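The listed protein sequences correspond, in order, to chains A and B. Just so we're aligned, residue 1 is where the first sequence starts under the UniProt record's numbering, counting upward by one. Just so we're aligned, residue 1 is where the second sequence starts under the UniProt record's numbering, counting upward by one. Don't be surprised by glycine CBs; every beta carbon is placed ideally from N, CA and C. It should be emphasised that the depicted structure is a prediction, and the values quoted were computed from it without experimental measurement. Below: one structure, written as structure tokens.
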Amino acid sequence: MSASFTAAAPSEVGAAPPAAPPTLPSPADEVRRFWAVAAFGALLVAIGLGAAHFMETHGHAVTGMSNQIVWGLPHVFAIFMIVAASGVLNVASVGSVFGQTVYKARAPLSGLLSLALLGGGLFVLMLDLGRPDRIVVAATHYNFKSVFAWNVFLYSGLFAIVAVYLWTLMERRMNRYAPAAGLAAFIWRFVLTTGTGSIFAFLVARQAYASALLAPMFIVLSFAWGLAVFLIVQSAMYAWNGLALPVAIQRRMTRLLGIFVAAAAYMVLVYHGTQLYATKLHGFERFLLLDGGVYPLLFWVGYVGLGTLWPLTLLLAPSPLGVRGTVLAAALVVLGGFAFLYAFIVGGQAWPLDIFSGYTASSTFMDGQVDAYTPRLPEWLLGLGGLGLAFLVTAVGVRVLRFMPQDDFARFDLAAGQPVATTGTTAARKG
Amino acid sequence: MTSHRRAWITGSAAAALGVAIAPGIRLIEVAQARTSGEAASAKVRWGLLIDTSKCDSGCDACVKACSDENGLQSAIEDRQRPQWIRKVMLTEVKTGRQASAPMMCQHCAEPPCVDVCPTGASFKRADGIVLVDRHACIGCRYCMMACPYKARSFVHEPLANQRAQVPRGQGCVESCTLCVHRVDRGEQPACVEACAAAGRGAILFGDLNDANSEIARRVRALATQPLRADLGLDPGVRYQGL
Ligand code: SF4
Ligand code: SF4
Chain A
1 MSASFTAAAP
11 SEVGAAPPAA
21 PPTLPSPADE
31 VRRFWAVAAF
41 GALLVAIGLG
51 AAHFMETHGH
61 AVTGMSNQIV
71 WGLPHVFAIF
81 MIVAASGVLN
91 VASVGSVFGQ
101 TVYKARAPLS
111 GLLSLALLGG
121 GLFVLMLDLG
131 RPDRIVVAAT
141 HYNFKSVFAW
151 NVFLYSGLFA
161 IVAVYLWTLM
171 ERRMNRYAPA
181 AGLAAFIWRF
191 VLTTGTGSIF
201 AFLVARQAYA
211 SALLAPMFIV
221 LSFAWGLAVF
231 LIVQSAMYAW
241 NGLALPVAIQ
251 RRMTRLLGIF
261 VAAAAYMVLV
271 YHGTQLYATK
281 LHGFERFLLL
291 DGGVYPLLFW
301 VGYVGLGTLW
311 PLTLLLAPSP
321 LGVRGTVLAA
331 ALVVLGGFAF
341 LYAFIVGGQA
351 WPLDIFSGYT
361 ASSTFMDGQV
371 DAYTPRLPEW
381 LLGLGGLGLA
391 FLVTAVGVRV
401 LRFMPQDDFA
411 RFDLAAGQPV
421 ATTGTTAARK
431 G
Chain B
1 MTSHRRAWIT
11 GSAAAALGVA
21 IAPGIRLIEV
31 AQARTSGEAA
41 SAKVRWGLLI
51 DTSKCDSGCD
61 ACVKACSDEN
71 GLQSAIEDRQ
81 RPQWIRKVML
91 TEVKTGRQAS
101 APMMCQHCAE
111 PPCVDVCPTG
121 ASFKRADGIV
131 LVDRHACIGC
141 RYCMMACPYK
151 ARSFVHEPLA
161 NQRAQVPRGQ
171 GCVESCTLCV
181 HRVDRGEQPA
191 CVEACAAAGR
201 GAILFGDLND
211 ANSEIARRVR
221 ALATQPLRAD
231 LGLDPGVRYQ
241 GL
């Protein structure tokens, strides 16, 4: 998909005509390209399944995870996708709950992406279980005190609510129920991300996690990550269809991303600020932010530098950002998200638990030691499989159903080589 | 109790006796050894008292005994292999005083591992022993994240040579069972016996609820403490001399 950004590049210069008319693929080419894209997604999924099978037959000994770092790279992928799945719905919410037309037109795509990301995240989470074959046990035996069990409800609930919401959006007779369904989805995803944050916030004994700020922090992070994913997919889809996103809309959405990224950085700052306030957490914060090796590197260079400051300079710059700039900024936000989660999840476990207060401890079980974790190949492949699933669901969904925004195409008139702004759906080649 | 749990408890006891007994039979509750099929009694609270002054830093008899009793032998690296009990070497930061102590599941009265377990595989018996039902555990490891004592291990590798009375499972989480199969026969946990046999006697096992038991008397008379008392989890294992 990414190969065809050039088709939409003229939007960078606004209404000015392009120097050379872009070449759009013929319908037959386009079908071939769709199958290539779908096959690529399916291949990633197959590789992910293969990795999971390998882990199940050989045990998690083939991963880098241990009895100290029990959640590793797969959880970084899974939690990123689940958090982004909630955040990407924000686009729909801004449309239906706050009545913004530009966003309303994007509600179907936002819903589809939410389902795709949630599916991808759960794919990784489930297949990383020690006993993925017992998923039925998880679905039939609930411990209602467990935050994890609540999350099982929240995830399946989100699937159902978003599916109904999409139906109300796409089926004309159901359109009048769309605002109600949109509101339900809006509320549900708040609860869902609160639930994701709470998975960590309820771990009272862990220095890294027992903080009431985690749930709101994850909600704001979800806004930024979700919108970033949305902008990447939207840009790719416009390019794919030989369409240019109107500059005004693009500018609005990139500004919103800038605001979300800044707000998320603020929440992360407050979180670390409160952690630093508690003296007993100083050792851990020092480790995570200063001398913990890969974790401070990922936090400062990955999350703060690449994932926050660089995209912010792009997104909030006075001159309008082109398609490439938008995709670059959004991709940086996504990368920063992965870096943040890796430091948060893995770094939080690498630091030893303080069990014997007033003593330094050592043992064969890593007491008092920082555990060195290096993700191994099966973990990477499983994570990529989840991304592949989200990619596949999106590609197929967009193709089979009409998920393209239908209101604001600026399509190239191929004969004239001029961009033509149209408002109807007729000008759009069916996505 | 779910039928799973009942099956696990009675199953392990039945295997030990070599007889098959229908699950779910409940006999009158007694304070000590249970017969197969009989439910654990809430009148009992099994616990351990560990005297760190008697624990020898060079000795690992308890760890060996646990490994033999429960069939935990493993060839993989330390950070991945299951360790239900471990020897921790301690140095007091202020004074430099050295001590050592065995560390295992603390059999908390308010166990966070049980609270967070999504399927209910982690559970606490009426007599305070915290166990994992290996037929219901999905291997999510959330209990390992939640345990403040790092008491749990994940089975990272395929298993061989399991003990009939200690069912284990690859991809499941497990931890010290307080040798529930022995306790239910009226015996002591393997680590306690081994420590005594090594001439140390640093681990005392007994019923904390029975005012006349040795452990209850010592806990009453001496300054003992649970680890991480600040968390208020009321562990069944107490430490002396820390
Ligand atoms: S020590 Fe850990 S595993 Fe044992 S009961 Fe307490 S929380 Fe659960
Ligand atoms: S790993 Fe097993 S025992 Fe632990 S929380 Fe998950 S299902 Fe429960």
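Asked                                                                                                                                                                                       : Found
Do Ala-151 (chain B) and ligand 3 come close, with the Cβ less than 7 Å from some heavy atom?                                                                                               : What this structure holds is ligand 1 and ligand 2, not ligand 3.
Distance check for Ile-47 (chain A) and Cys-176 (chain B), CA to CA, integer angstroms please.                                                                                              : 37 Å
Once you ignore the five residues that flank Ala-415 (chain A) on each side, which residues in its own chain have a CB closer than 8 Å to its CB?                                           : At Ala-415 (chain A), the pLDDT of 37 sits below 50, so the modelled position is not reliable; the number obtained from the coordinates is stated separately. So no residue of the chain qualifies.
Which first and last residues belong to the alpha helix (DSSP H) in which Val-219 (chain B) is found?                                                                                       : 214–221
Hey, how far is the Cα of Phe-186 (chain A) from the Cα of Ile-219 (chain A)?                                                                                                               : 12 Å
Who are the neighbours of Glu-92 (chain B) on chain A, taking C-beta pairs under 8 Å?                                                                                                       : Gly-358, Tyr-359
Do Leu-112 (chain A) and Leu-44 (chain A) have their beta-carbon atoms positioned less than 8 Å apart in this structure?                                                                    : no
Indicate whether at least one CB of chain B lies closer than 8 Å to the CB of Lys-104 (chain A).                                                                                            : no
Quick test of the definition: if touching needs 3 or more C-beta pairs under 8 Å, does the segment 90–105 of chain B touch the segment 73–86 of chain A?                                    : no
Would you say the beta carbon of Gly-353 (chain A) is closer than 7 Å to some non-hydrogen atom of ligand 1?                                                                                : Sequence check: residue 353 (chain A) is Leu here, not Gly. Result no, Cβ not under 7 Å from ligand 1.
Where in the segment 279–365 of chain A do unbroken runs of the beta strand (DSSP E), each at least 3 residues long, occur, reported from the N-terminal end onward?                        : 359–362
Within the present structure, is the beta-carbon of Gln-68 (chain A) separated from the nearest heavy atom of ligand 1 by less than 7 Å?                                                    : no
Skipping 5 residues on each side, what residues in its chain have a beta carbon closer than 8 Å to that of Ile-355 (chain A)?                                                               : Ala-361, Asp-367
What is the rounded straight-line gap between the Cα of Glu-38 (chain B) and the Cα of Val-180 (chain B)?                                                                                   : 13 Å
Could you give the uninterrupted runs of the alpha helix (DSSP H) lying entirely in the segment 25–89 of chain A, keeping only those of 4 residues or more?                                 : 27–58, 73–88
Output, in chain order, the set of chain B residues within a Cβ distance shorter than 9 Å of Asp-371 (chain A).                                                                             : Arg-79
If we ignore side chains and look at the alpha-carbon of each, how far apart do Val-152 (chain A) and Ala-139 (chain A) end up?                                                             : 8 Å
Residues of chain B with CB under 9 Å from Thr-279 (chain A), in chain order?                                                                                                               : Per Cβ cutoff of 9 Å: no residues; Thr-279 (chain A) is ~14 Å from chain B at best.
Using the beta-carbon of each residue, which ones in chain D are nearer than 7 Å to Thr-119 (chain B)?                                                                                      : In the displayed structure, chain D is absent; the protein chains listed are A and B.
Is it true that the CB of Leu-257 (chain A) sits closer than 8 Å to the CB of Ala-331 (chain A)?                                                                                            : no
Count the other CB atoms, across all protein chains shown, that sit within 10 Å of the CB of Val-136 (chain A); report buried if there are 16 or more and exposed otherwise.                : exposed
Listed from N- to C-terminal order along the chain, which residues in the segment 23–52 of chain A have their beta-carbon within a distance smaller than 7 Å of any beta-carbon of chain B? : none
Can you list, in chain order, the residues of its chain with a C-beta nearer than 6 Å to that of Val-192 (chain B)? Leave out the 5 residues immediately preceding and following it.        : Ile-203, Phe-205
If we ignore side chains and look at the alpha-carbon of each, how far apart do Lys-150 (chain B) and Ala-180 (chain A) end up?                                                             : 46 Å
I need the straight-line Cα distance from Asp-133 (chain A) to Gly-199 (chain B), nearest angstrom please.                                                                                  : 47 Å
My output table needs one value for Gly-236 (chain B): the three-state DSSP class, helix, strand or coil.                                                                                   : coil
Helix, strand or coil for Ser-146 (chain A) per DSSP?                                                                                                                                       : coil
Looking only at its chain, what residues have a beta carbon closer than 7 Å to the beta carbon of Leu-384 (chain A), apart from the 5 residues adjacent to it on each side?                 : Leu-44, Ile-47, Gly-48
Residue ranges of each alpha helix (DSSP H) run of no fewer than 4 residues wholly in the segment 122–176 of chain B, ordered along the chain?                                              : 142–146
Examine ligand 1 and report whether any of its heavy atoms sits within less than 7 Å of the Cβ of Gln-83 (chain B).                                                                         : no
Take Leu-222 (chain B) as the anchor and find which of B:Leu-178, B:Pro-235, B:Gly-241, B:Asp-207 has the nearest alpha-carbon.                                                             : B:Gly-241
Measuring alpha carbon to alpha carbon, tell me which residue in A:Gly-195, A:Val-124, A:Leu-290 is nearest Leu-158 (chain A).                                                              : A:Gly-195
Any Cβ of chain B within less than 8 Å of the Cβ of Thr-194 (chain A)?                                                                                                                      : no
Tell me the DSSP secondary structure of Trp-188 (chain A) in three-state form.                                                                                                              : helix
Taking the DSSP output, what are the residues bridged to Arg-86 (chain B)?                                                                                                                  : B:Met-103
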